[in-house]
Amino acid sequence: MESLTPAEQIITILYNEIKNILGDASPLNIEPNKKNLVMLVGLQGSGKTTTAAKLAKFLKKQGKRPLLIPFDFKRPAAMEQLIMLAKNNSLEVFGEMTGTPIPVLQKALAYMENNKFDIGLIDSAGRKEIDTETMEELRTVANTFAINETLLVLDSTIGQGALKIAEGFEQYIPLTGGIFTKYDSSAKGGSILSFRYVTGKPVKFIGVGEKIDDLEIFHPERVVSKIVGRGDLATLAEKAEQTISREEGKDLFEKIQNDTFDLNDYKNQLDAIKKMGGFSSILSSMPVIPGMNLNALSDEKMLVKTEAIINGMTKEEKANPEIIDGSRKKRIAKGSGVTNHEINVFLKNYTMFKKFMQGTKNVKSIDQILKLR
Ligand SMILES: Nc1nc2c(ncn2[C@@H]2O[C@H](COP(=O)(O)OP(=O)(O)O)[C@@H](O)[C@H]2O)c(=O)[nH]1
Ligand SMILES: [Mg+2]
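Residue numbers (this note's numbering): 606 to 978.
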């Protein structure tokens, strides 16, 4: 604490936590001297076809022999797109344009065998939305063939919407990882963080442009820097720095460590938040944490009421909120102009907040933080 400003503490802890969630870079699960299958799945427009071609080029550069397999028999135009991409970039493609999925894929595998291809890249059918028919088809393919990797291709510009899509696909097929495209036009890495956190699956590649070489192995560290480094959190930390003095920060840290954090401190925290421009301005500069109810937190009216409730409490009640029984609630409600229910909500929120603060207790010793720098 002595040598770190509060801003640095926030950044350091976040950096560490985000890095833990993202894990290490995860290579493609490909076995040598074997026919490997990598299937790209995702909604229409997410970038599957482009990514399939990029991956083929990427693997070819590594000395592998990839075969592109267009796999959308209901949309011949989608298949032609891949065939064109292959042609323009001297990549090999399996050109069977008609049939049903299973026999076509069997033929593709035989073709791989006969022509010494080692990786089949399946550009699967994707619709505008998750639909049962396409999903069942994917499920059948996944159940029939030994597929090394089923990678969900996600458009990073859709932000947290990626989570719903990931959950939708996971209901039908086991995913082994994700690829985030259009990372060049997306300022944030928050959806990558959420994807990893919610699915537990690694992000393997990111698409960083429309050209064939615009594919990068995903390096968690770089995204963490993007999120934490110079991003919005830095701005938040600056605000916090201006508002919470070093001494106060130290004091708070000790209280959390010693479990003596009470409603008086809660009120001080709320005051600091008010000085920073309210919850909604703070929340808008943070990556979304899955499962966190932002609406409840960003309600400024609730903030005013909370303050009124705390002001209506005695010193003793603030230090020991557990003693607030029915008759005390009645008195506070009358004095603060709030309802009994609002007091209950407030007390519940406080309990949750306290729990959350306690959760941060064992995060770091100061030595661990310093080692990071
Ligand atoms: N800027 C950018 N555009 C991309 C990227 N990946 C794909 N695209 C574009 O996104 C659009 C849809 O891609 P496509 O591969 O056809 O998506 P599919 O429907 O999932 O096969 C195309 O215009 C691509 O050029 C990327 O990483 N960056
Ligand atoms: Mg396509």
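Glycine included, every Cβ here is placed at the ideal spot set by N, Cα and C.
Q: Using the DSSP secondary-structure output, state which residues sit across from valine 641 in a beta bridge.
A: Note that residue 641 is asparagine in the sequence shown, not valine. DSSP, once it has assigned bridges, lists Ile724 as partnering asparagine 641.
Q. Within 10 angstroms of its Cβ, does alanine 691 collect 16 or more other Cβ (buried), or is it exposed?
A. The residue in question, alanine 691, is buried, as its Cβ has 16 or more Cβ neighbours within 10 Å.
Q) Cβ-heavy atom distance between leucine 780 and ligand 1 below 8 Å? A) For ligand 1, not one heavy atom lies less than 8 Å from the Cβ of leucine 780.
Q: Give me the Cα-Cα distance between glutamine 614 and proline 779, rounded to the nearest whole angstrom.
A: If you draw a straight line from the Cα of glutamine 614 to the Cα of proline 779, it is about 38 Å long.
**Q.** Separation of aspartate 930 from serine 890, as counted between CA atoms
**A.** Interpretation of serine 890 is limited by its pLDDT of 49, a score under 50 that renders its predicted location unreliable; no figure is taken from the coordinates.
Q: Under 8 Å by Cβ, that's how I've got isoleucine 817 and asparagine 694 pegged, so tell me the actual separation to the nearest angstrom.
A: Right, their Cβ atoms sit about 5 Å apart.
Q. Can you find at least 3 beta carbon pairs, one from the segment 707 to 719 and one from the segment 610 to 628, that sit closer than 8 Å?
A. No, because fewer than three Cβ pairs between the segment 707 to 719 and the segment 610 to 628 fall closer than 8 Å, the two stretches do not touch.
Q: From the DSSP output, read off the bridge partner residues of leucine 820.
A: Note: leucine 820 sits in a beta bridge opposite Gly812.
Q) DSSP on glycine 917, reduced to helix/strand/coil? A) Under the three-state reduction of DSSP, glycine 917 is assigned to coil, being neither helix nor strand.
**Q.** Separation of lysine 666 from serine 790, as counted between CA atoms
**A.** If I take the Cα positions, the gap works out to 26 Å.
Q) Looking at methionine 918 and leucine 868, is the spacing between their C-beta atoms short of 9 Å? A) Cβ atoms of leucine 868 and methionine 918: closer than 9 Å.
Q: Using the Cα positions of lysine 860 and isoleucine 616, report the straight-line distance between them to the nearest angstrom.
A: Approximately 20 Å, taken between the alpha carbons.
Q: Taking all protein chains shown into account, decide if proline 671 is buried (16 or more other Cβ within 10 angstroms of its Cβ) or exposed.
A: That one is buried.
Q.
Rounding to the nearest angstrom, what Cα-Cα distance links serine 799 and glutamine 765 in this structure?
A. The straight-line gap separating the alpha-carbon atoms of serine 799 and glutamine 765 is approximately 7 Å.
(Q) Out of Asn720, Val909, Tyr802, Asn753, which one is the CA nearest neighbour of asparagine 625? (A) Shortest Cα-Cα distance from asparagine 625 to any of Asn720, Val909, Tyr802, Asn753 involves Tyr802.
Q. Is lysine 787 near ligand 2, judged by its Cβ being under 8 Å from some heavy atom?
A. Checking the 8 Å criterion, the Cβ of lysine 787 is out of range of every heavy atom belonging to ligand 2.
Q | Selection from Asn945, Leu875, Val943 that minimises the alpha carbon distance to tyrosine 955 | A | Selected option, being the one with the closest Cα: Leu875.
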